[in-house]
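J.: Take this structure first; my questions come after.
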Amino acid sequence: MAATKKSTMQKTVVKTDIAGQTLVTLRTLTEENPASLETYLKLGGYASLKRIVTEKVKATDIITEVKNSGLRGRGGAGFPTGLKWSFMPRYFDGTKYLVCNTDEGEPGTFKDRDIIRYNPHQLIEGMVIAAYTLGARVGYNYIHGEIWQDYEFFEGALQEARDAGYLGENLFGSNFSFDLYAVHGYGAYICGEETALIESIEGKKGQPRFKPPFPASYGVFGKPTNVNNTESYTSIPWIMQHGGKAFADLGVPNSGGTKIFAVSGHVEKPGNYEVKMGMPFRELLALTGGVWKGRQLKAVIPGGPSTAVVPAAAMMDVTMDYDGLSKARSSIGAGSMIVMDETTCMVKTLHRLSYFFYEESCGQCTPCREGTGWVYRVLDRIVNGQGKMEDLDLLTDISNNISGRTICALGEAAATPVLSFIKHFRPEFEYYIQHGKSMVDGK
Amino acid sequence: MLNIEIDGKSIEVEHGSTIIDAADKVGIAIPRFCYHPKLSVAANCRMCLVQVEKFNKPLPACATPVADGMKIFTRSKEAIKAQQSVMEFLLINHPLDCPICDQGGECDLQDIAVAYGASGSRYTEEKRVVVNKYIGPLVSTDMTRCIQCTRCVRFLQEVGGMQELGMVGRGEHAEITAYVDKSVNSELSGNIIDLCPVGALTSKPFKYSARSWELTRRPSIAPHDSLGSHIEVHVKDNKVMRVLPREKESINECWLSDRDRFSYEGLNSPDRLKVPMIKHNGAWVETDWKTAIEFASGQIKDITNQYGADALGVLVSPNSTMEEGYLAKHLASGLGCGNVDYRLRQTDFRLDGKRVGTPWMGVNIDEIEKLDRILLIGSNIRNEHPLLAQRFRKAVANGAELSIVSPLDNDPLMDIAHKVIVRPNDMVNVLGQILKAMSGLQRLSLCLPPTLTKLLEEIKVRPNTQAMAESLAGHGKDYDLIAPKVGIFLGNMALSDPRFTEMYSMAEAIGGISGAKGGILPAAANSTGMHLMGVMPSSTGMHARAMLEVPRKAYLLVNIEPELDCQHAALAKEAMQKAECVVALTAFKSQALEHADILLPIAPFTETSGTFMSMEGRVQSFYAAVKPLGECRPAWKVLRVLANTLGLDGFEFESSEQVKNTIFGGEKPSHVVWRSLNNNLKELVEIEVKIKSSGLQRIGEVPQNESDPIVRRATSLQKTKYNIRPMARMCEMQIQALGLADGDIVLAKQDKGSAVLKVKLDNHVAMGCVRVAASHELTTGLGDLMGDITLEKSSETDYKPYDTLIMEARA
Amino acid sequence: MLSPEAIANIDYELTKYPANQRQAAVMSALRIVQMERGWLSKESITEVAQYLGMPEIAAMEVATFYNMYDLHPVGQYKVTVCTNISCMLRGSDEIVNYLQSKLGVGFNEITPDGKFCLKEGECMGCCGGAPLMHVNNTEMHEFLTIEKVDAIIEGLK
Ligand SMILES: Cc1cc2nc3c(=O)[nH]c(=O)nc-3n(C[C@H](O)[C@H](O)[C@H](O)COP(=O)(O)O)c2cc1C
Ligand code: SF4
Ligand code: FES
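Printed below as a string of structure tokens:
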């Protein structure tokens, strides 16, 4: 390291009502100065790392522990983390890389930001443990472009960790070394996709790569790379401290541990809520103070726009875990819950979402590049009173033609809202087309 | 091997193949746009989606590796649905302007839409329009038609070696473009026209001149470098309309250099000579063939009778066919004249008589990419053999280490492991260092001549040459190679250098120790063929250089413009001026032939049959693609008739095939070739150790688009950046050492001649050298391509605008 | 010419990557130059590409791919309002309307005094604080109300 970055640690005094939450990845929130190294150490931080490194715990044992925890990727796809780790080649001539995905850019997602600004050291510790386990020498945390202040803050936390000997050469006198850097995105949702993110780290456009090969064999600079979401890594120290089973037991079968739900939209208290997997939606909604202004719930997008919208009635019976949401024909996604009250016009909402996917398509796959634009233009026409009844079938058809035919999952992500909105709220769309205005707000 | 099934057909394919490879192998058509077997897989167009058993989504055939037992359906309902939907997406924003599109009739989009699309469009919104781009004089763009397959981007990056195009913007706003106002400068740029599956990139020179279905396609061989690329000449109304590559994996693969692709414009140049001409009282008059031939033969006869047969000099272009070379040589020998040569740009002939056989490149073209270690001596490879450079690039991409010894440091667009950039004179010393270092690494079992041994004794090995030697010996960064495949090649600059003998001997010795293959990279289409037939002086005859230094009374020129095609422009000019009679067989009227007396219009390669022999010894014959223009005749016929008229025996040929058969003695050409290709010297020759060590040296490089009379008249190629006014290019230190500044006007002097040039900063030129392009009207006053030169400051008023000078030269 | 500070900052970013991967720093380098000069001109992009030894067109690809690079001048303060779903549900339209009438410009326009440029943004990953806006790519302002917007804009004048 030639130059070092001056720490720009900011004072964060947060008063959070944590009643009803179970804090694992945001556990420092109970403290006065949650983000500081002292706070983290006070809570037993970096102890697991030290134990693992000094006692030379076997990598396979760590992976077994992670497998036992039932931790599934928190970035949206829900892939079992322990299994993913076992894909990394054990022996490799050259540098292996570790990447953390803090690029959350899907509308409604803002949980990882709170991890890096309120509990950065737990993420760092989780990454160092992962690096130790996977034999990675260098790591990058790719941070969403717009949260510049949090990026700078995290750079400071990294420096703190370096200075304290948790990053760098020969940690705890062992022969294990690991360098971790922060990388700053600059405004492209697609870079949340892991291979686009890798391209971006390499200084290129964030265009996803075709898989296979997967990052585990061909990642950053063509080297084996493990990519996980921020929340996934941040769960690791707790798992290593309390055991995989303890983590699994926090949740329900098939959905171990806790999950942060980033709740936005029409609730009284939007924000992040870390709760046990399997919490009934009703309880979670109650934690957020309920639907705002005393209004009725209309619909919920439970895991971010790439997950299907669920109408209120169906939502009220759902438990917030992988299986619970899949029963409601949606999914947990990244836990980005968007709540809509009775005044929400679903046509205009879908119109806005379709614009997002149209703008954010990286442009390489024909169906996504052409299809997202087409969908947006048709919806735009409908919103401007020029819709035709056939448009609804056309929209469904275009979306089906995008879905499953692209390099990355943005194709599905763009199709899902269209398909689910039209499926559940078709009369609203028909009304709009017939009357040239919204059934909900009359405009 | 894996067993898979495609559309019910069981096939065995290699591990690691993709579905598309497998389908291609058995001839099952899968539609595609972005995929190209020579480029990296992008998998972005999604046209190749097929259904695979046990997968719930269609998979891209181009990117999906096959697995044992895989069952693939390319025409199932699922597959067709996927293909049709992709086709629909591709067309919604496509202008569908086929009637005015040059790609019409040979458009993948058109073809695949018909075969795999659905009829009718459901798209009623406004179509996207993309602002058009200018990317140079060769490639025409219509970016609204682009389907973002990125083949062009990948080609320039991966094959061309430099990313010159990119896809800027994101999503639907993504556009293919060059950087701001830059043009695409790759010397292989024309290939992106072939690669573009739609009409977004088309040929600018060909634009709107014909529809593809009106063209007749005739196979031929490219005539500008010694690669022997296979081409297809497209003809309409007996006119060459364009030239495209013909696939030949072991030579040009599916590519073509821009020079070979666009030079055809020169064939249709207004400069073409259509009727014989005789100079009468200083003025040119048109005449008929009979008169012209009789006049020529009469003149030649008179002069040889009067002064002896060796008063005649015969200079043959190395771009002429074997048949032409053979007849020219035999015409001379029939007269008793041994003064014949094709080596017009060579100055050092000391190896004559010392060779075991015909020198060649020493490997096959497609072996280059398998080399582990390469040493390139005196070659600006991209300029000399643009497409061959690409093979070297592949070798380097495969992990080969490239070392360069050259006076020029031009970027070959591949990683260079080691390089030494020095004056040509010093290259001998550098090669000596490598040899000496190698002899420390490996056993030196060569018997060196005393002069070489002496040279080696005095030489001090430097770290960079030591490193080069180690690389050639197989030492590596991570591991050593036990028996590295080494290739050592000498390029145009080495071939033209007065110390070629030394360089060649050193290369041979280094090759001997390192077990290298390699040889020379001859410049022209038929250099190797000319050598094989011995179109060279007899034991008593004069070589090309001597024929100019000691002027002849008469010259017979076959297909050359003397001052542009010879090593010493000023000498050539003067010799022609002094001669009593110059008979020129030429396809063009030319300023450079002003001192000729008889011009006989001959057919260029597209209008005659003939044979070229490539740098790898491939004998390739071709037929005429069109009938000769005007009264042009194939040169072999002209030479035959001339010989007949001269009363010489043994010229009873009815066809070029007969000439070819005579050349090879009725044997299979390959047999003859294999017997005679040999780079060995009978013995290592004594070299000259003492050389003048100071003084400025000229690097008279022949720019790629000035190499022969046809390219020099290819108007679009002449507009590329390779054709700029010759300048005195030097590195910063050299400019300072001469007390000059960038932009100064200088008088460059060589021998008796001179040229007024502008000084141009060019840090690619070695210290002690000045790079002044040759084969250009503005430098014909100068002498040796690679020789001493002086520069003195001159004034701005001497430096005339380019146009004025050309006008003056032509007037 | 890149300023010494810009070069120092780029060099710091370069320490994050292997020595033969200079292109990896292009995003930070472009950001650094943009922060210093307000926006990215063609010349700026060329300078960055040259400094990192990469093709200019590759740097251009990056500069045009990511939203936060400004390839045209954006005035002294670029105000980007998120209008995506979470913000829209909590009234970002009102904020936009208010800003447009207060500053007298539409999206992608610059106020006559060259001070403010208004931009529409995509999700900024802070939806819990909706509605929100971003100033000059760095300062995040959440839980916006008309009053808060007034105060922020006043503070910038
Ligand atoms: C369009 C798209 C956007 C994505 N965005 C994110 C993101 O912002 N953050 C994230 O962690 N994963 C995101 N992902 C998922 C990642 O590709 C990847 O699966 C994940 O980072 C892996 O980490 P995990 O296994 O810990 O979840 C996205 C995927 C797609 C297709
Ligand atoms: S699906 Fe869309 S975003 Fe994903 S790689 Fe293809 S074009 Fe890009
Ligand atoms: S040819 Fe396979 S995706 Fe384009």
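Chains A, B and C, in that order, are what the protein sequence lines are.
As numbered in our numbering, residues 1 to 443 make up the first sequence, in order.
As numbered in our numbering, residues 1 to 811 make up the second sequence, in order.
As numbered in our numbering, residues 1 to 157 make up the third sequence, in order.
Cβ atoms here follow ideal geometry from the backbone N, Cα and C, with glycine treated the same way.
Threshold first: 4 residues or longer. Then list the alpha helix (DSSP H) segments lying entirely within the stretch 498-525 of chain B, N to C.
T.: DSSP runs (the alpha helix (DSSP H)) wholly in the stretch 498-525 of chain B: 500-514.
J.: Quick check on the DSSP output: the beta strand (DSSP E) that includes S140(B) runs from which residue to which?
T.: Within the second sequence, numbered from 1, the residue matching residue 140(B) stands at position 140. Run containing S140(B): 139-141, per the beta strand (DSSP E) assignment.
J.: Just mark L14(C) as buried or exposed, buried being the case when its beta carbon has 16 or more other beta carbons within 10 Å.
T.: Start at 1 with the first residue of the third sequence, and residue 14(C) comes out as number 14. That one is buried.
J.: Listed from N- to C-terminal order along the chain, which residues in the stretch 142-170 of chain B have their beta-carbon within a distance smaller than 7 Å of any beta-carbon of chain C?
T.: Listed in sequence order: M162, Q163, E164, L165, G166, M167, V168, G169, R170.
J.: Using a Cβ cut-off of 9 Å, pull out every chain B residue sitting near M140(C), in sequence order please.
T.: In the third sequence, counting from the first residue as 1, residue 140(C) sits at position 140. Within chain B, no residue comes near M140(C); the closest Cβ sits about 23 Å away, beyond 9 Å.
J.: May I ask which residues mark the beginning and end of the beta strand (DSSP E) holding W284(B)?
T.: In the second sequence, residue 284(B) corresponds to position 284, counting from 1. 283-286 is the extent of the beta strand (DSSP E) around W284(B).
J.: Can you round the beta-carbon distance between W636(B) and L327(B) to whole angstroms, since I take them to be within the 8 Å contact cut?
T.: Numbered from 1 along the second sequence, position 636 holds the residue referred to as residue 636(B). Numbered from 1 along the second sequence, position 327 holds the residue referred to as residue 327(B). The Cβ separation is near 6 Å, so the contact holds.
J.: Any idea what DSSP makes of P223(B), helix, strand or coil?
T.: As a first step, residue 223(B) is located in the second sequence; it is residue number 223 there, counting from the start. P223(B) falls in the coil class under three-state DSSP.
J.: Would you verify that the beta carbon of S3(C) is, or is not, closer than 8 Å to some beta carbon of chain A?
T.: Taking the first residue of the third sequence as position 1, residue 3(C) is located at position 3. Not one chain A Cβ lies under 8 Å of S3(C).
J.: Starting from the C-beta of E164(B), find all residues in its chain whose C-beta is less than 7 Å away, skip the five residues before and the five after it, and write them out in chain order.
T.: Along the second sequence, read from residue 1 onward, the residue named residue 164(B) stands at position 164. For E164(B), where only same-chain residues beyond five positions count, the Cβ hits under 7 Å are L156, A178, V184, N185, S186.
J.: Could you give the first and the last residue of the continuous beta strand (DSSP E) run that contains N3(B)?
T.: Numbered from its first residue, the second sequence carries residue 3(B) at position 3. Looking at the DSSP string, the run of the beta strand (DSSP E) that includes N3(B) is 2-6.
J.: Output yes or no for whether 8 Å exceeds the beta carbon distance between L273(B) and F664(B).
T.: The residue labelled residue 273(B) in the question sits at position 273 within the second sequence. The residue labelled residue 664(B) in the question sits at position 664 within the second sequence. No, Cβ-Cβ distance for L273(B) and F664(B) is not below 8 Å.
J.: What span of residues does the beta strand (DSSP E) with Q620(B) cover, start to end?
T.: Position 620 of the second sequence, counted from the start, is the residue given in the question as residue 620(B). Segment 619-622, the beta strand (DSSP E) holding Q620(B).
J.: What residues of chain B sit near S361(A), judged by a beta carbon separation below 8 Å?
T.: What you label residue 361(A) is simply residue 361 of the first sequence in a count that begins at 1. Going along chain B in sequence order, the residues near S361(A) (Cβ under 8 Å) are R170, G171, E172.
J.: Please classify K204(B): is it buried, with 16 or more other beta-carbons within 10 angstroms of its beta-carbon, or exposed?
T.: Taking the second sequence and counting its residues from 1, the one referred to as residue 204(B) is at position 204. Under this definition K204(B) is a buried residue.
J.: Please go through the same chain and pick out, in chain order, the residues whose beta-carbon is closer than 6 Å to the beta-carbon of R72(A), but skip the five residues on each side of it.
T.: Against the first sequence, residue 72(A) aligns to sequence position 72. Here the set comprises G78, P80.
J.: How many angstroms separate the CA atom of I198(A) from the CA atom of R154(B)?
T.: As a position in the first sequence, residue 198(A) is number 198, starting the count at 1. As a position in the second sequence, residue 154(B) is number 154, starting the count at 1. The alpha-carbon atoms of I198(A) and R154(B) are separated by roughly 19 Å.
J.: List, in chain order, every chain B residue whose beta-carbon is nearer than 9 Å to that of Y432(A).
T.: In the first sequence, residue 432(A) corresponds to position 432, counting from 1. Simply none; closest approach about 18 Å.
J.: Taking only the alpha-carbon atoms, compute the straight-line gap between Y432(A) and T46(C) and give it to the nearest angstrom.
T.: Translated into the one-based positions of the first sequence, residue 432(A) becomes position 432. Translated into the one-based positions of the third sequence, residue 46(C) becomes position 46. Distance between the alpha carbons of Y432(A) and T46(C) is about 50 Å.
J.: Give every residue of the same chain whose Cβ lies closer than 7 Å to the Cβ of V149(C), excluding the five residues on either side of it in the sequence, and list them in chain order.
T.: As a first step, residue 149(C) must be located in the third sequence, where it is residue number 149. If we look at V149(C) and ignore the five residues flanking it on each side, its Cβ neighbours are I95, Y98, L99.
J.: By DSSP's criteria, P65(B) is part of a beta bridge. Which residues make up the other side?
T.: Against the second sequence, residue 65(B) aligns to sequence position 65. DSSP lists T18(B) as partners of P65(B).
J.: Measure how close the beta-carbons of I72(B) and V50(B) come, nearest whole angstrom, since I'm counting them as under 8 Å.
T.: As a position in the second sequence, residue 72(B) is number 72, starting the count at 1. As a position in the second sequence, residue 50(B) is number 50, starting the count at 1. Going by Cβ atoms, the distance from I72(B) to V50(B) rounds to 6 Å, so yes, they are a contact pair.
J.: Report the neighbours of H175(C) on chain A: residues whose CB is nearer than 8 Å to its CB, in chain order.
T.: Here chain C covers residues 1 to 157 and nothing more, so residue 175(C) does not appear.
J.: I'd like to confirm something about D426(B): is its beta-carbon nearer than 7 Å to some heavy atom of ligand 1, or not?
T.: Locating residue 426(B) in the second sequence gives position 426, where the first residue counts as 1. No, the beta carbon of D426(B) sits no closer than 7 Å to any heavy atom of ligand 1.
J.: Counting only Cβ pairs nearer than 8 Å, list the residues of chain B close to I301(A).
T.: The count along the first sequence starts at 1 and reaches residue 301(A) at position 301. What I301(A) touches in chain B: nothing, since even the nearest Cβ is about 22 Å away.
J.: Mapping DSSP to helix, strand and coil, what is E202(A)?
T.: Within the first sequence, residue 202(A) is the residue found at index 202, counting from 1. Three-state result, E202(A): coil.
J.: Got a sec: is the Cβ-Cβ distance from C101(B) to anything in chain A below 8 Å?
T.: Counted from its first residue, the second sequence places residue 101(B) at position 101. With 8 Å as the cut-off, C101(B) does not count as an interface residue toward chain A.
J.: For Y140(A), which residues does DSSP report across the bridge?
T.: Sequence index remark: in the first sequence, residue 140(A) carries index 140 (1-based). Y140(A) is bridged to V99(A), Y181(A).
J.: Would you mind sorting S229(B) into buried or exposed? The rule is 16 or more other CB atoms within 10 Å of its CB.
T.: For the purposes of this step, residue 229(B) is taken as the residue at position 229 of the second sequence. Counting Cβ neighbours within 10 Å, S229(B) comes out buried, since at least 16 surround it.
J.: Mind checking the stretch 396-407 of chain A against chain B and listing, in chain order, the residues whose C-beta falls within less than 9 Å of any C-beta there?
T.: Listed by position, the residues of the stretch 396-407 of chain A near chain B (Cβ gap below 9 Å) are D397, I398, N400, N401, I402, S403, G404, R405, T406, I407.
J.: According to DSSP, is M87(B) part of a helix, a strand, or is it coil?
T.: In the second sequence, the residue the question calls residue 87(B) occupies position 87. It is helical.
J.: Which same chain residues, not among the five before or five after K443(A), have their C-beta less than 7 Å away from its C-beta?
T.: On the first sequence, residue 443(A) is found 443 positions in, with the first residue counted as 1. The residues are K437.
J.: DSSP three-state call for K760(B): helix, strand or coil?
T.: Taking the first residue of the second sequence as position 1, residue 760(B) is located at position 760. Three-state DSSP puts K760(B) in a strand.
J.: Any C-beta of chain C sitting closer than 8 Å to the C-beta of I116(A)?
T.: Along the first sequence, read from residue 1 onward, the residue named residue 116(A) stands at position 116. Not one chain C Cβ lies under 8 Å of I116(A).
J.: So does C48(B) have its beta carbon nearer than 7 Å to some heavy atom of ligand 3?
T.: Position 48 of the second sequence, counted from the start, is the residue given in the question as residue 48(B). Result yes, Cβ under 7 Å from ligand 3.
J.: Check the Cβ of S85(B) against every Cβ in chain A and list those closer than 9 Å, keeping chain order.
T.: Stepping through the second sequence from its first residue, residue 85(B) is reached at position 85. Ordered by position in chain A, the residues that pass the 9 Å Cβ test against S85(B) are P367, G371, D397, I398, N400, N401, I402, R405.
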